[in-house]
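Chains as they are written, first to last, in my numbering: chain A, 1 to 311; chain B, 1001 to 1603.
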Ligand SMILES: Nc1nc2c(ncn2[C@@H]2O[C@H](COP(=O)(O)OP(=O)(O)OP(=O)(O)O)[C@@H](O)[C@H]2O)c(=O)[nH]1
Ligand SMILES: [Mg+2]
């Protein structure tokens, strides 16, 4: 086992006692190894000293904070429960505890101008070596459904600015939405993009096992009632689809596709097909080096349209 | 019944002057229709006719009439349409009659179609009985209407019947005049059979039903008959008369009007205008028949769903049986797939055909913008007919382009004359003549390109004259024009579906609007896409669709991966529905919107 990620939802929702039993379960059930990446997700409003103490004394070495923004107006618009002060405090405490911390920022909120965006990026940059940015979408079925969000052309400058600014602050964009300083990539996330096996535990968790992707039953009660494998949904990809998905996921990262490895995994024919599909696109969307193809900064911005050619 | 007790007549007039309402009164007076089933414009049975309040198809009816002197007569009436696009219907009906009621609205006076239809009837040798209708209207000026009948048309109107179809006034007089003034049908019942097919309809059970006028001889049920144009022979399964419903009889005789059913399945077997004769004793020659009408307005009909193509063809074939003036042939369009290029006698004709296909034959279709047929003289002297831009040869091979012209006659109150002249000029019209009919009303005549006329002339005329003008036109053949074919290029590739023909002075303006519209409708691609309008090699308008700069980029972990893949697949599906022109994906809407561009642009 290389990574453990406790998240999806709000683990800081659990109190100290809950955490102690969770730790006990994990310690009994999993075999940990040295140098493993153990991450937890935390929300600035519910993170407390108990959590930090427990995590520090256990194996946690990485905390991912759902910051979203430091701007009061934006936090209010998003309906977040924390404020700027709590966010900064949470970051400081994590750093003091020696965790490698990461923060999420959101862009594409109406009224979010370059000045506000810059200030969010600057604040977060100061206290983390890893951050993710993502564009707000008003998905149906979420509280934001139906709200007006920024259009692509409004959001474009913000994304572009982040690419430029974070680079100047020593961050490398290693994935469409992820930036890291000093090679502090999130190894757990990388495993998704590399299609490595992931064991999903708990309700609604996702997992992947040699081409089979599954999701556990979502409602807690149903999850608890189920015997054995608690899968509620699975999909198993055919070789060709798996190859296509692998290519798309690989192209999310700065390492892109290494043709030699790709061919060995999936065969020459599909590799050639995908290569051809990519070669029809304009060369400035890609960086080609040492038998690899990956997206350029511009390519990252147009990811969807590029990947679309590969499905 | 003896031939001298038969009278065949039709009712002709300008649109809305009250033909169908007059027919109602005649049906009532002669007790042809049960009063309980009577309704206004009884003979307008098509759904569209009732909805729009106009007659589209000529309808024959047989009435029994006991004259004032006690003599029994058979009267065959044909109610005809008044709209200019349907004058072919009128002309066919005329051939089955010896006389016509020429109806004129007492308040409106003689209008364009009054003249056109009266002339046609006179040319066929019909006796005209002028009827001034709607005398009940407060604005009625019957004396004025009579004067116009005499001065404009040249009929003797001193004994014109003053009538009100609405109130039933003058109906008895009309019937008496019909039996006295309209000639007895000529023809020899003992001669070999000659029956003229003056119309046909399609019936799902009985196949094609021919409307016939027996000119010579007699036709019996069960008799072996021959269609002279095709030589096809068959049995007369059922013959009958219109009362007004089809009512079988045993025999039809010279002078009579009726119908024939003989299990005929296609229009080619029983063409309108053909002569039916008997197999045992065939007539030596066929009757003159009709001049085939040349369609003047064309458009494409395409099924909404590709699989419905055979259904559409079927429907067109059947509609053609009801309306022999419609022509069609298969064509393909890069945007719309397989469909038909159809020809019509006018815009209303086209519109009605489209509606009938949808309603009566239950097909869903898309109609392309109408256009006219062009004549192209090539540099090597060859003359081509082109009814769409893609038929045009290379600009270098074109010596001259000719387009159809019409002579337009507009009847208009003098206060609007300036506006109407302006409209005609805007439509590239050439002034021909102007004369006063009365001090308040003028007849204005222009030579005008048909292409300009079909766009929206009628609507414009109506709105500029608040409905007080009426028009008629006749074709005056092809004339050379300064026309150009404007190609539209998307990313340097010419797209057939977007090219158009227009006058050279309008090319820039129209090119602009087409390019602007396409720019809106073509989604951003991964690269910049130039859209150009060009005449030959010369680009006259250019705009660029800016390249895509950013997609929505979401995070993607664990389960997001499946969601993401589905999204990409959906995105790709969406693109598949688009038409690929070179490297550019163009959505269907762009093609559809383009079909209306001429219209919208005028708004
Ligand atoms: N006041 C008045 N109205 C009439 C008279 N005759 C007909 N109308 C009205 O005029 C309108 C047109 O009548 P139609 O009988 O449909 O006219 P038409 O000549 O058959 O029209 P098309 O077949 O479309 O050419 C209707 O609204 C009738 O009610 C009349 O004698 N007096
Ligand atoms: Mg009518």
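In this text, a Cβ means the ideal position worked out from N, Cα and C, and glycines have one as well.
The beta-carbon of residue 1571 of chain B is placed less than 7 angstroms from the nearest beta-carbon of chain A. Among the bridge pairs identified by DSSP, residue 1210 of chain B is matched with B/1200 and B/1260.
With fewer than 16 other Cβ atoms from the protein chains shown falling within 10 Å of its own Cβ, residue 17 of chain A counts as exposed.
Taking 7 angstroms as the threshold, the shortest C-beta distance from residue 1086 of chain B to chain A does not fall below it. Across the segment 1533-1562 of chain B, CB contacts with chain A closer than 8 angstroms involve 1548, 1549, 1550, 1551, 1552, 1553, 1554, 1555, 1556, 1557, 1558, 1559, 1561 and 1562, in sequence order along the chain. Apart from sequence neighbours up to five positions away, the residues of its chain that approach residue 187 of chain A with a beta-carbon distance below 6 angstroms are 3 and 37, ordered along the chain.
A check of alpha carbon separations from residue 1169 of chain B across B/1267, B/1183, B/1565 and B/1137 identifies B/1137 as the nearest.
Annotation: residue 1356 of chain B has no Cβ neighbours in chain A at a cutoff of 9 angstroms; minimum Cβ distance is about 43 angstroms. The Cβ atoms of residue 1433 of chain B and residue 1445 of chain B lie closer than 7 angstroms to each other. Only those residues of the segment 139-157 of chain A whose C-beta falls short of 8 angstroms from the nearest C-beta of chain B are listed: 152, 153, 155 and 156.
Look at the segment 1117-1141 of chain B and you find these whole runs of beta strand (DSSP E), each 3 residues long or longer: 1127-1133. Residues of chain B whose Cβ lies closer than 7 angstroms to the Cβ of residue 137 of chain A are, in chain order, 1552 and 1554. The nearest non-hydrogen atom of ligand 1 is 6 angstroms or more from the C-beta of residue 1470 of chain B. Not a single heavy atom of ligand 1 lies less than 6 angstroms from the C-beta of residue 1045 of chain B.
For residue 1365 of chain B, the enclosing beta strand (DSSP E) covers residues 1365-1367. Looking at the DSSP output, residue 1298 of chain B shares a beta bridge with B/1343 and B/1371. Within 10 angstroms of the beta-carbon of residue 210 of chain A lie fewer than 16 other beta-carbons, which makes it exposed.
In this structure, DSSP gives residue 1482 of chain B a state outside helix and strand, which the three-state scheme calls coil. Listed along chain A are 281, 282, 285, 302, 305 and 306, each with a C-beta nearer than 9 angstroms to that of residue 1526 of chain B. A straight line joining the alpha-carbon of residue 241 of chain A with that of residue 1356 of chain B spans about 49 angstroms. Within the same chain, 1208, 1227, 1230 and 1232 come within 8 angstroms of residue 1269 of chain B by CB-CB distance, once the 5 residues on both sides are set aside. Scanning the segment 124-154 of chain A for uninterrupted beta strand (DSSP E) segments of 3 residues or longer gives 130-135, listed from N- to C-terminal end. Think of a sphere of 8 angstroms around the beta carbon of residue 189 of chain A: the chain B residues whose beta carbon falls inside it are 1557, in chain order. Between the alpha carbons of residue 74 of chain A and residue 112 of chain A lies a distance of about 8 angstroms.
Straight-line spacing of the CA atoms in residue 1195 of chain B and residue 1053 of chain B works out to 32 angstroms. Taking a Cβ-Cβ threshold of 9 angstroms, none of the residues of chain B is close to residue 39 of chain A; the smallest such distance is about 12 angstroms.
Your pair residue 1014 of chain B and residue 1082 of chain B checks out as a contact, with CB atoms roughly 5 angstroms apart and the cut at 8 angstroms. With a 10 Å radius around the Cβ and a threshold of 16 neighbouring Cβ atoms, residue 1403 of chain B comes out buried.
In the DSSP assignment, residue 1234 of chain B is bridged to B/1225. Note: residue 1449 of chain B is bridge-paired with B/1405 in the DSSP secondary-structure output. Of the candidates B/1058, B/1034 and B/1035, B/1058 places its Cα closest to the Cα of residue 1045 of chain B. Taking residue 1483 of chain B as the centre and dropping the five residues before and after it, the same chain places the C-beta of 1374, 1401, 1403, 1501, 1502, 1503 and 1504 closer than 8 angstroms to its C-beta, in chain order.
In the displayed model, residue 1247 of chain B falls within a strand according to three-state DSSP.
Residue contact with chain B for residue 77 of chain A: absent (no Cβ-Cβ distance below 7 angstroms to any residue of chain B). An exposed status is given to residue 1180 of chain B, since fewer than 16 other beta-carbon atoms sit within 10 Å of its beta-carbon.
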